[in-house]
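Residue numbers (the UniProt record's numbering): 1 to 197.
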């Protein structure tokens with residue numbers, strides 16, 4: 001009978017030993033006989049602290065600096081330096097400059113993405129493809145070239161404008177300088193009269 005007792009105690013010891021293949025976690029939770037393999041093990045509050053510690057041990061995460069005890073500690077009854085006074089002597093600004101919180105990687109500030117330069121009419125004009133490319137050539141040509149613009153509506157041609165192009169946009173709005181305008185009450189009968197007239 002004593003042999004059976006010793007066999008059951010050895011099997012129960014194996015089921016409570018975390019390094020054994022026969023370890024039973026549920027039994028270990030409810031048993032009072034469990035022995036921790038490393039008594040000096042560091043106790044951690046949650047899994048996040050464990051993961052951080054594991055990364056530090058593997059050299060993947062920066063090791064936090066120990067707290068500096070050289071700063072004078074405030075007594076419970078004393079006032080805070082600079083409390084009730086205005087920012088003048090530099091005591092509170094020094095305290096603000098010394099403040100350097102340590103954050104976990106997921107708590108750090110998000111890096112801002114560089115903003116794209118603002119688009120305006122002048123920057124858009126250079127990016128237009130044909131047929132606007134010919135208008136851009138007229139704007140940027142040296143010496144400047146005079147262009148001819150034909151004006152019309154749904155019934156026909158009204159006239160023409162000749163001048164120097166300054167600005168344009170994708171809706172064919174044109175800004176011109178030094179313009180001479182020829183206006184027709186009725187459309188010319190022949191095209192050559194209109195373009196060469």
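Backbone N, C-alpha and C fix where the C-beta goes; we use that ideal spot for every residue, glycine too.
May I have a chain-ordered list of the beta strand (DSSP E) segments no shorter than 3 residues that lie completely inside the stretch 128 to 155? 146 to 152
Residue from 20, 15, 115 whose Cα sits closest to the Cα of residue 26: 15
My parser needs the alpha helix (DSSP H) runs of 4 or more residues fully inside the stretch 16 to 67; what are they? 25 to 30, 47 to 58
Considering only their Cβ atoms, is the gap separating residue 104 from residue 52 smaller than 8 Å? yes
Excluding the five sequence neighbours on either side, which residues of its own chain have a C-beta within less than 8 Å of the C-beta of residue 113, listed in chain order? none
Can you grab the Cα-Cα spacing for the pair residue 137 / residue 172, in whole Å? 15 Å
Start-to-end residues for the beta strand (DSSP E) that takes in residue 112: Here residue 112 belongs to no beta strand (DSSP E), and DSSP marks it neither H nor E.
Just checking, does the stretch 140 to 150 make contact with the stretch 161 to 169 on the three C-beta pairs under 8 Å criterion? yes
Pull up the distance between the alpha-carbon of residue 140 and that of residue 154, whole angstroms please. Each residue's alpha carbon lies about 32 Å from the other.
Using the Cβ count rule (16 or more neighbours within 10 Å means buried), how would you classify residue 135? Buried, since its Cβ has 16 or more Cβ neighbours within 10 Å.
DSSP three-state label for residue 185, please. Coil at residue 185, not helix or strand.
Helix, strand or coil for residue 102, going by three-state DSSP, please let me know. coil
Taking residue 125 as the reference, which of 107, 151, 174, 159 has the closest Cα? 174
Residues near residue 44 by beta carbon distance below 8 Å, same chain, minus five either side: 50, 53
Is it buried or exposed, residue 168, if we count other Cβ atoms within 10 angstroms and call 16 or more buried? When all chains shown are included, residue 168 counts as buried.
Residue from 151, 170, 31 with nearest C-alpha to residue 181: Per the Cα distances, 151.
Got a sec, what are the start and stop residues for the beta strand (DSSP E) residue 158 sits in? 157 to 168
If contacts are defined as beta-carbon pairs under 8 Å, then residue 183 and residue 156 qualify, I think. What distance do you get, rounded to the angstrom? With a contact defined as Cβ atoms closer than 8 Å, residue 183 and residue 156 miss out at about 13 Å.
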